[in-house]
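The structure appears below as structure tokens.
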Amino acid sequence: MNRNHTTARIAHVFSGTFVHSTPRAAVEILQNCVLGVDDKGKIAFIEKHQDVVSLSEIWGFETSDIKQLGQYEFLMPGMVDTHIHASQYSYAGTALDLPLLEWLNTYTFPVEAKYKDLDFANDVYTKVVRRTLKNGTTTACYFATIHTDASLLLGELADRFGQRALVGKVCMDCNSAYPNVKPVVTPRFAPSCSSSLLSELGEIANNNKLHVQSHISETKEEVELVKTLFPGCKSYTDVYLKHNLLTDRTVMAHGCHLTDEELEIFRETGSAVSHCPNSNISICSGILNVRNVLNHKVKLGLGTDVAGGYSPSMLDAMRRTLDTSKALTIQDPQHKTLSFEEVFRLATLGGSEALSLDDQTGNFVVGKDFDALRVNVCVPDGPIDLFPGEGPKVILEKFLNLGDDRNITEVYMAGRRVVPFPDT
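Numbered as in full-length UniProt numbering, the sequence shown ends at 424 without a single skipped number.
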């Protein structure tokens, strides 16, 4: 509780219930606690409420400035979307009648060609950043398009609205103006890239210590296509490995059909998998066995994969993750179904680990950025009914299963309140 003697001052103090994940506990509930955020957006302290007077003296804040959470409110970490196509948001909720490779040619590529028009890009990117923030996504790993100016615009909009973002345009290397927006090397997927291009991208990523994102083993047809295109490689994973694209800053979407041998390579390289269950079901790609990935000690986060996935909400991603885990249990009663607590961790701390941002965000640890959602499960005309005797864990589970953006009353990124939006 000793103050780190810096010039930082306290900007926010919250008192009440805090819910987060740790490496040891999928869900840790901290009741009757007080959390302070300094003016640099970092978590300064989190202590029991009975220490509030001494904390106020040490940190120099007034007890009257404390934001008291209500009986049915809690703070949780912001959610991390490890895979979302910002450029596909305009047709989210439609066009789900074709398998992946036909879907790309029929719907995706024609729409993505429109991003040479910056007015079109501005309209879609503004809406997707605002929508995901309202739904509690404080960090998003975005695919953009081949258009440099439009990709830079997405980074600018994420910064303006206050979302932590990785923006994927391969040649985008000038985002230093936006400290919470990073470029990410983005080969679309192996079938659309030559070996020479993949090698160049691997060199760019490694020389500049950049993040890498792509797709892997989404469908069986795609896996077979990669075998024919890269006959010298042992597997889909081996393609990326041989081109130096599997690092501890790499996240690969889907992985529905990865073998155990491929998962071992993921573990050895520190690469991560982004599980996108809505998309996997919506375009009939396959079902990822998350339990098997976790058993291999591979980093794993959740993604919405808009627009293959029709919902931009990470709450939906959590629900679909549970659904697909239960479907595997129906097929094999020996399968150990994921718990809602485990899925909560995947959407928060797990996502930050998958994106190699867990030193900055993902849970409520002193020194990390304060990325947080203020959740009220008892908002007027909200989607949740409560009953006597329901404790904080039941309230959390009801929010994860029944809640929506109406229950997310405030969103903070690096200590800055970004929702409600300033213009509303």
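For glycine and all other residues, C-beta sits at the position ideal for the given N, C-alpha and C.
Review point. For L35, which residues does DSSP report across the bridge?
Key: Looking at the DSSP assignment, L35 forms a beta bridge with F14, I46.
Exercise for review: Kindly confirm or deny that the segment 103-110 and the segment 34-48 touch, where touching means at least three C-beta pairs closer than 8 Å.
Suggested key: Touching, no, given that fewer than three Cβ pairs across the two stretches are closer than 8 Å.
Review point. So the beta strand (DSSP E) I66 belongs to, where does it begin and stop?
Key: Here I66 belongs to no beta strand (DSSP E), and DSSP marks it neither H nor E.
**Study point:** S356 vs T337 beta-carbon contact at 7 Å
**Key:** Cβ atoms of S356 and T337: not closer than 7 Å.
Practice item. Could you spell out the range, first to last residue, of the beta strand (DSSP E) harbouring V167? Key: First-last of the beta strand (DSSP E) with V167: 164-168.
Check your understanding: Which class does D238 belong to by DSSP, given the choice of helix, strand or coil?
Key -> Three-state DSSP puts D238 in a helix.
Practice item. Grab the span of the alpha helix (DSSP H) containing S325 for me, first residue to last. Key: If you look at S325, you'll find it in the alpha helix (DSSP H) that goes 314-331.
Check your understanding: Are G286 and C256 close, meaning C-beta to C-beta below 7 Å?
Key -> G286 is a Cβ neighbour of C256, given a cutoff of 7 Å.
Review point. Would DSSP call D173 helix, strand or coil?
Key: Interpretation of D173 is limited by its pLDDT of 32, a score under 50 that renders its predicted location unreliable; the figure taken from the coordinates is listed afterwards. D173 carries a coil assignment under DSSP once its states are collapsed to helix, strand and coil.
**Study point:** Straight-line Cα distance separating H254 from Q331
**Key:** Rounded to the nearest whole angstrom, the C-alpha separation of Q331 and H254 is 20 Å.
Review point. How many Å lie between T61 and L400 at the Cα?
Key: The identity of residue 61 in the sequence shown is Phe, whereas the question assumes Thr. About 34 Å.
Check your understanding: In whole angstroms, what is the alpha-carbon distance linking N175 and T228?
Key -> Note on N175: pLDDT 39, under 50, position unreliable in the model; the coordinate value appears next. Going by the C-alpha atoms only, they are around 37 Å apart.
Exercise for review: Compare the C-alpha of V273 against each of S282, D248, I281, I283 and name the closest.
Suggested key: Among S282, D248, I281, I283, the Cα nearest to that of V273 is on D248.
Practice item. Can you tell me the Cβ-Cβ gap for T82 and C141, rounded? I've got them flagged as a contact below 8 Å. Key: For a cut-off of 8 Å, the C-beta gap from T82 to C141 is around 5 Å, short enough to register as a contact.
Check your understanding: If we ignore side chains and look at the alpha-carbon of each, how far apart do T304 and E57 end up?
Key -> Roughly 44 Å separates the two Cα atoms.
Check your understanding: What residue does the alpha helix (DSSP H) around K398 start on, and which one ends it?
Key -> Segment 392-402, the alpha helix (DSSP H) holding K398.
Practice item. State whether the segment 93-108 contacts the segment 120-132, with contact taken as three or more CB pairs (one from each stretch) at a distance under 8 Å. Key: No: fewer than three Cβ pairs fall under 8 Å.
**Study point:** Neighbourhood of N2 by C-beta distance below 8 Å, restricted to the same chain and skipping five residues each side
**Key:** Only weak support exists for where N2 lies, its pLDDT of 46 falling under 50; the value from the coordinates is given anyway. Non-local C-beta neighbours of N2 in its own chain, meaning closer than 8 Å and more than five positions away in sequence, comprise I58, ordered along the chain.
**Study point:** Rounded C-alpha distance that separates A317 from T139
**Key:** Whole-angstrom Cα-Cα distance: 14 Å.
Exercise for review: Buried or exposed for A113, please, with buried defined as at least 16 other CB atoms from any protein chain shown within 10 angstroms of its CB.
Suggested key: Here A113 is exposed: its Cβ has fewer than 16 other Cβ atoms, across all protein chains shown, within 10 Å.
Check your understanding: For D149, which option in F120, G136, F161 has the closest C-alpha, if you only look at C-alpha atoms?
Key -> Looking at the Cα atoms, F120 is the closest of the given residues.
Review point. How many Å lie between N32 and P380 at the Cα?
Key: Distance between the alpha carbons of N32 and P380: 25 Å.
Review point. Quick one: is F387 buried, meaning 16 or more other Cβ sit within 10 Å of its Cβ, or exposed?
Key: Counting other Cβ atoms within 10 Å of its Cβ, F387 stays below 16 and is therefore classed as exposed.
Review point. By how many angstroms is the C-alpha of N278 removed from the C-alpha of T385?
Key: Note on residue identity: the sequence assigns Asp, not Thr, to residue 385. Taking the straight line joining both Cα atoms gives about 26 Å.
Review point. Nearest to H85 by CA position, among P383, P312, N376, V394, is which residue?
Key: The candidate whose alpha carbon is nearest that of H85 is P312.
Point to revise | For K209 and M172, the rounded distance between their alpha carbons | key: Residue placement at M172 is flagged as unreliable, the pLDDT there being 30, under the threshold of 50; a coordinate-derived value is accordingly withheld.
Exercise for review: Using 10 angstroms around the beta-carbon of P183, count the other beta-carbons present and answer buried if the total reaches 16, otherwise exposed.
Suggested key: Buried is the call here.
Review point. What number of angstroms, rounded off, separates the C-alpha of K242 from the C-alpha of V343?
Key: Looking at the two C-alpha atoms, the distance is approximately 32 Å.
**Study point:** Whole-angstrom distance between T321 and C276, CA atom to CA atom
**Key:** Approximately 8 Å, taken between the alpha carbons.
Check your understanding: Which runs of the alpha helix (DSSP H), 4 residues or longer, sit entirely within the segment 341-366?
Key -> If we require 4 residues or more, the alpha helix (DSSP H) runs fully inside the segment 341-366 come out as 351-354.
**Study point:** Own chain, CB closer than 6 Å to V19, minus 5 neighbours either side, in chain order
**Key:** Only I29, F74, M76, L396 meet the Cβ criterion.
Check your understanding: Where does G367 land, buried or exposed, given buried means 16+ other C-beta within 10 angstroms?
Key -> Exposed, since its Cβ has fewer than 16 Cβ neighbours within 10 Å.
**Study point:** Three-state class that DSSP yields for M413 in the structure shown
**Key:** M413 falls in the strand class under three-state DSSP.
Practice item. Just confirm the distance between the C-beta atoms of W103 and I283, as a whole number of angstroms; I'd bet it's less than 8 Å. Key: Yes, W103 and I283 are in contact; Cβ-Cβ is about 6 Å, under 8 Å.
Review point. Exposed or buried, which one is N4 when buried takes at least 16 other CB atoms within 10 Å?
Key: Confidence at N4 is low in this model, with a pLDDT of 49, below 50, so its placement is unreliable and the value that follows should be read with caution. By the neighbour-count rule (16 or more Cβ atoms within 10 Å), N4 is not buried but exposed.
Practice item. Please go through the same chain and pick out, in chain order, the residues whose beta-carbon is closer than 8 Å to the beta-carbon of Y178, but skip the five residues on each side of it. Key: So the list reads G155, E156, A158, D159, once near-sequence residues are dropped.
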